[in-house]
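S.K.: This structure is in C-alpha cells; I'll ask about it shortly.
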Amino acid sequence: MPHAPQHADVATAELDSVLRGGPFHVALRAAIAARGLPLQRVQHHLSRHGVKVGVTSLSYWQQGARRPQRPESLRAVRALEEILELPEESLIRLLADSGEGPSGQRSAARSYRSLVEASGVLDQLLAELDCPPDGGLHTLGHHERLRIGARRELAERESHHIVRAHRDGVDRFVAVHHGDRGAAPERMRVHALENCRTGRVRWHRDTGVLAAELLFDTRLRAGDTFLFRYGVEDGTAGVSHEYLRGFDSPGGQYALQVCFDAAALPARCHRFTQHSAAAPRTGCQDLALSGRHRSVHLVEPRVRAGFLGIGWDWE
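Right, here's the structure in full:
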C-alpha cells in the first residue's frame, strides 16, 4: 500500500516523542499502535511471558482509566517493554516520573507534574495581566470546539462563553490555552470573534501555556449577562491524543466537541472525568464518531470542580 510507509513513519515519530516525555498511558498506546498488535495478541504474548493480564485491563491502561500498580501488573509492564521492542525501563520510568506507580495515584490527560507546573506558570501569567483570582464573572455556559488536523495535531480551538457579572465594572476576560506537549505558544494566534477584542497576550514556552486578554466594549454591572466568542490557532505541536478542561468551582453547562480531519480519523474515542490533577480518571465512556461531520462531543449540564475531557486512539 502506498501510504503504509508514511503511516509507519508517523507512528514511529510519535512513539519516540511520547517515550521521552510520556505520560505512560499515551506511550503504551503509541507503542501498541506502532507494532500493529491488537490487544488480544498483546495478552497472548504476555501469557507466554508468564504474566496474566486481561484485555480489559490493557485497554484501561492505554486509556489512562487505570494504572499498573500491583506487583503482577508491574511485571506485565516490564514484559511489555520486551514484547513491544522498547528500550529497557522506558515504560517503568514513565510510571515513576508521573507518580503513577504503586505508591502514587497520579494520572491526567497531561502528566500530574506538567499540570502542576502549568498551574504555577498560569498564576505568573495572570499576575502579569493584572488579573485577580476572581475575575468577576460566573459562567452560565461554555461551549468549546476543537479541530484536529490532517497531521493529527490540535489545529485550533474555538470557545463560546455565556457569563454573568457578579460585581460592577467587569470589562474583560482572560482566556487560557494549554497546548499539547512540544507546543510553541509564541506561534499561536488568538482571534477575537464576537463581542470582544484581543488585548495583551502572554505565554510560557516550556509548558505551552498561553494567556490572552479579551476586552469587552462595555463595562458590565452586577447581574448583567454577556456573550463572547474567541478562537486560538495552534497547530504547533505533534500528535494530539486528548483534551481536557479544568474547573475550579461548580458552574453552568459545558459542551466539548472534537472534530477530525477526513484524512486522520481516530480508531476510538472516549470521555472521562477527573476530580483533581492527582486523582485517577473515572467515568470513562466510549463515544461514537459521527459519520458526516467526523466529530464526537460531551455535554455536562452543570459542571463540578475538577476536569472533563475527551481522549482518542489512533490506529
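Residue 144 is where the sequence shown starts when you use the working numbering, and the numbers rise one by one after that.
Virtual Cβ for every residue (Gly too), placed ideally from N, Cα, C.
(1) State the Cα-Cα distance for the pair S433 and G312, rounded to the nearest angstrom.
(2) Only counting the same chain, and skipping five residues up and downstream in sequence, which positions put a Cβ closer than 6 Å to that of Y397?
(3) So is S233 buried or exposed if we call it buried at 16+ other beta carbons inside 10 Å?
(4) Tell me whether Q212 sits in a helix, a strand or coil according to DSSP, three-state version.
(5) Determine the burial state of R213: buried for a count of at least 16 other Cβ atoms within 10 Å of its Cβ, exposed for fewer.
(6) Would you mind reading off the limits of the beta strand (DSSP E) that contains R184?
(7) With DSSP run on the structure shown, which of helix, strand or coil describes V161?
(8) Between H384 and the rest of its own chain, which residues show a CB-CB distance below 7 Å, the 5 nearest in sequence each way excluded?
(9) Which term fits L189, buried or exposed, when burial requires 16 or more other beta carbons within 10 angstroms of its beta carbon?
(10) Beta-carbon separation of G374 and F415 under 7 Å?
(11) Leaving out the 5 sequence neighbours to the left and right, which residues in its chain are closer than 8 Å to L223 when beta-carbon positions are compared?
(12) Quick check: the Cα distance between H309 and L283, rounded to an integer number of angstroms?
(13) Tell me the DSSP secondary structure of L227 in three-state form.
(14) Just to confirm the assignment, what range does the alpha helix (DSSP H) spanning T350 have?
(15) Take H381 and list the residues in its own chain whose beta-carbon comes closer than 6 Å to its own, dropping the five residues that flank it on each side.
(16) In whole angstroms, give me the CA-to-CA distance for R307 and G164.
(17) I think E458 touches A176, with their Cβ atoms under 8 Å apart; what is that distance to the nearest whole Å?
(18) Could you tell me which residues DSSP puts in a beta bridge with E346?
(19) Let me know the beta strand (DSSP E) ranges lying completely inside the segment 286–334, each 3 residues or longer, listed in chain order.
(20) Let's see if you can read the secondary structure: which residues bound the alpha helix (DSSP H) around S202?
(21) With DSSP run on the structure shown, which of helix, strand or coil describes L479?
(22) Is it the case that the Cβ atoms of R92 and E356 are separated by a distance below 7 Å?
(23) How would you write the range of the alpha helix (DSSP H) that V375 sits in, first residue to last?
(24) L399 and R437 look like a contact to me (Cβ under 8 Å); what is the Cβ gap, rounded to whole Å?
(25) Whose C-alpha, out of G278, G179, A327, is nearest the C-alpha of W346?
(26) Can you give the Cα-Cα distance for L227 and V220, rounded to whole angstroms?
(27) Skipping 5 residues on each side, what residues in its chain have a beta carbon closer than 7 Å to that of A147?
(28) From L430 to S302, what does the alpha carbon distance come to, in whole angstroms?
(29) Please list the terminal residues of the continuous beta strand (DSSP E) segment that includes A398.
M.R.: Result, derived from the coordinates:
(1) In this model, S433 and G312 are separated by some 43 Å (Cα to Cα).
(2) Excluding the 5 residues flanking it on each side, Y397 has same chain C-beta neighbours closer than 6 Å at H285, E443, V446, in chain order.
(3) Here S233 is buried: its Cβ has 16 or more other Cβ atoms, across all protein chains shown, within 10 Å.
(4) For Q212, the secondary structure class from DSSP, reduced to helix, strand or coil, is coil.
(5) When all chains shown are included, R213 counts as exposed.
(6) For R184, no beta strand (DSSP E) encloses it; the enclosing alpha helix (DSSP H) starts and ends at 182–191.
(7) Here V161 sits in helix by DSSP.
(8) Excluding positions up to five away in sequence, the list reads V169, G454, W455.
(9) Residue burial is scored here from C-beta neighbours: L189 has at least 16 other C-beta atoms within 10 angstroms and is therefore classed as buried.
(10) It is not a contact, given that the beta carbons lie outside the stated cut-off.
(11) Within the same chain, L223 has close Cβ partners L171, A174, V185, L189, L229, L234.
(12) Inter-residue distance for H309 and L283 is about 12 Å (C-alpha atoms, whole angstroms).
(13) The answer is coil: DSSP assigns L227 none of H, G, I, E or B.
(14) Element bounds for T350: n/a, residue is neither H nor E.
(15) A small fix is needed here, since residue 381 is Gly in this sequence, not His. Hits under 6 Å: S160, G325.
(16) C-alpha separation (whole angstroms): 40 Å.
(17) Confirmed, about 6 Å.
(18) A small fix is needed here, since residue 346 is Trp in this sequence, not Glu. Secondary-structure assignment with DSSP links W346 through a beta bridge to L353.
(19) If only uninterrupted beta strand (DSSP E) runs of at least 3 residues are considered, those enclosed by the segment 286–334 are 297–308, 313–321.
(20) Element bounds for S202: 198–206.
(21) The first residue shown for the chain is 144 and the last is 458, placing residue 479 beyond what the model contains.
(22) Residue 92 cannot be examined here, being either before or after the span of the chain that is shown, 144 to 458.
(23) Where V375 is concerned, there is no enclosing alpha helix (DSSP H), although the beta strand (DSSP E) around it starts and stops at 368–376.
(24) Not a contact, Cβ separation roughly 15 Å.
(25) The shortest C-alpha separation from W346 is found at A327.
(26) Straight-line Cα distance between these residues: approximately 10 Å.
(27) The pLDDT assigned to A147 is 42, lower than 50, so where the model puts this residue is not dependable; a value taken from the coordinates is nonetheless given after this. Same-chain partners within the cutoff: there are none.
(28) Distance between the alpha carbons of L430 and S302 is about 21 Å.
(29) Element bounds for A398: 396–403.
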